[in-house]
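K.L.:
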């Protein structure tokens, strides 16, 4: 059973944030209110208080729309910010609606390629979360093309979008293309040595290693999958801020690979560690927990059968 192609955990690929932008078209009192709400929303976002940040962002956006303010760059940024927060909160359909509106407005303007590329990247992530893989692949390729032409595009931002494109290609079954993009992203990040990665680079590299592991596992390359999953786990274990979900997921797929390689003692230990880590996650995903339980049940059944055979 190809677990790595059937059930996956959220790799938590970063959205590309768009900071607040002063709106000079609004009357001073309204401008001050909108600016205060957006600054507070941004501050709460950086503090990971996402629900409150989302509510303030929506309120600021409503003030803009109700006042009939021009749909300029500040309005585009407001839509993007609310869309990204919705995505982080798991409201993927809301995220798609907000980001599509921002895309439509920015397409008419196209006066800032950096904003447009970040917008398309975030929309691609939202499409992928919703299972709209063709749309995800299309807008992510467009984001990459814009970043290739942009002179000031930094390697980290480019690598983030590359990994998103690889995720979409992998989920569409384009394994060779996905693997090539993952490895290219790792080279750009220069993240092949897990012991020397910064936390920021390590977070992205872990996503790429995990993606390579899925592809190798599905192709039957168990030794290669072991290397990829182990690299992802090593990065996440040393990375400050890695979530229990990420750590648990890395342990799970490494354990599944070790089980296939008949290294059952190590596999069982990883599963137990992963399950314990996952219990510390406030928003436990039932499908991942189910995979832990299923693995433990199968392992117990197999050990029971082996004991019966030996006796």
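Numbering (my numbering), first residue to last: 649 to 959. The beta carbon of each residue, even a glycine, is placed where N, CA and C say it ideally should be. Note that the structure is a prediction, hence the values are computed from the model and not measured.
In the DSSP assignment, the alpha helix (DSSP H) including residue 723 goes from what residue to what residue?
P.N.:
721–736
K.L.:
With DSSP collapsed to three states, give me the class of residue 867.
P.N.:
coil
K.L.:
Given this structure, state the Cα-to-Cα distance separating residue 723 from residue 711, to the nearest angstrom.
P.N.:
Between residue 723 and residue 711, the C-alpha separation is close to 11 Å.
K.L.:
How long is the line joining the alpha carbons of residue 999 and residue 907, rounded to whole angstroms?
P.N.:
Since the first and last residues shown for the chain are 649 and 959, residue 999 lies out of range.
K.L.:
Who are the Cβ neighbours of residue 609 in its own chain at under 6 Å, not counting the five residues just before and after it?
P.N.:
One cannot answer for residue 609 here, as it falls past the ends of the chain, which runs 649 to 959.
K.L.:
Can you check whether the CB of residue 751 is closer than 8 Å to the CB of residue 767?
P.N.:
yes
K.L.:
Assuming residue 943 and residue 880 make a contact with CB atoms under 8 Å, what is their CB distance in whole Å?
P.N.:
Not confirmed; about 18 Å, so no contact.
K.L.:
Measure how close the beta-carbons of residue 593 and residue 905 come, nearest whole angstrom, since I'm counting them as under 8 Å.
P.N.:
With the chain covering 649 to 959 only, the question about residue 593 has no answer from this structure.
K.L.:
Name the residue from 702, 896, 913, 813 whose alpha carbon lies nearest to the alpha carbon of residue 781.
P.N.:
813
K.L.:
Counting C-beta neighbours from all protein chains within 10 Å, is the total for residue 792 16 or more, i.e. buried, or is it exposed?
P.N.:
Around the beta carbon of residue 792, 16 or more other beta carbons lie within 10 angstroms, which makes this residue buried.
K.L.:
Out of curiosity, what's the CA-to-CA distance linking residue 901 and residue 882?
P.N.:
13 Å
K.L.:
Which two residues bound the contiguous alpha helix (DSSP H) that contains residue 893?
P.N.:
892–908
K.L.:
Of the choices 829, 821, 703, whose alpha-carbon is the least far from that of residue 789?
P.N.:
829
K.L.:
If residue 794 and residue 852 are in contact, beta carbons under 8 Å, what's the gap, nearest whole angstrom?
P.N.:
No, residue 794 and residue 852 are not in contact; Cβ-Cβ is about 19 Å, not under 8 Å.
K.L.:
Quick check on residue 949: buried or exposed, where buried means 16 or more other Cβ atoms within 10 Å of its Cβ?
P.N.:
exposed
K.L.:
To the nearest angstrom, how far is the alpha carbon of residue 865 from that of residue 708?
P.N.:
46 Å
K.L.:
Taking DSSP as the reference, what is the three-state secondary structure of residue 820?
P.N.:
coil
K.L.:
Note the first and the last residue of the continuous alpha helix (DSSP H) segment covering residue 792.
P.N.:
Residue range 781–797 is occupied by the alpha helix (DSSP H) that includes residue 792.
K.L.:
Let me confirm a value: residue 899 is counted as buried when at least 16 other C-beta atoms fall within 10 Å, else exposed. Which label applies?
P.N.:
It counts as buried.
K.L.:
Tell me whether residue 855 sits in a helix, a strand or coil according to DSSP, three-state version.
P.N.:
helix
K.L.:
Thinking C-beta only, is residue 818 closer than 8 Å to residue 826?
P.N.:
yes
K.L.:
Just the C-alpha distance for residue 721 and residue 733, rounded to the nearest angstrom, thanks.
P.N.:
18 Å
K.L.:
Name the residue from 749, 871, 740 whose alpha carbon lies nearest to the alpha carbon of residue 725.
P.N.:
749
K.L.:
Would you check if the distance between the CB atom of residue 809 and the CB atom of residue 857 is smaller than 8 Å?
P.N.:
Cβ atoms of residue 809 and residue 857: not closer than 8 Å.
K.L.:
Based on Cα-Cα distance, which residue from 910, 923, 912, 796 lies nearest to residue 893?
P.N.:
923
K.L.:
For residue 739, does the three-state DSSP call read helix, strand or coil?
P.N.:
coil
K.L.:
Pick out whichever of 850, 835, 831 has its Cα sitting closest to the Cα of residue 861.
P.N.:
831
K.L.:
Excluding sequence positions up to five away, which residues of its chain have a Cβ less than 7 Å from the Cβ of residue 954?
P.N.:
Around residue 954: no qualifying Cβ.
K.L.:
Go to residue 762, then tell me how far its alpha helix (DSSP H) extends in each direction, as first and last residue.
P.N.:
Its alpha helix (DSSP H) spans residues 761–777.
K.L.:
With distances taken between CB atoms, is the gap from residue 705 to residue 729 smaller than 8 Å?
P.N.:
yes
K.L.:
Express the C-alpha separation of residue 871 and residue 909 in angstroms, rounding to a whole number.
P.N.:
Answer to the nearest angstrom: the Cα atoms are 8 Å apart.
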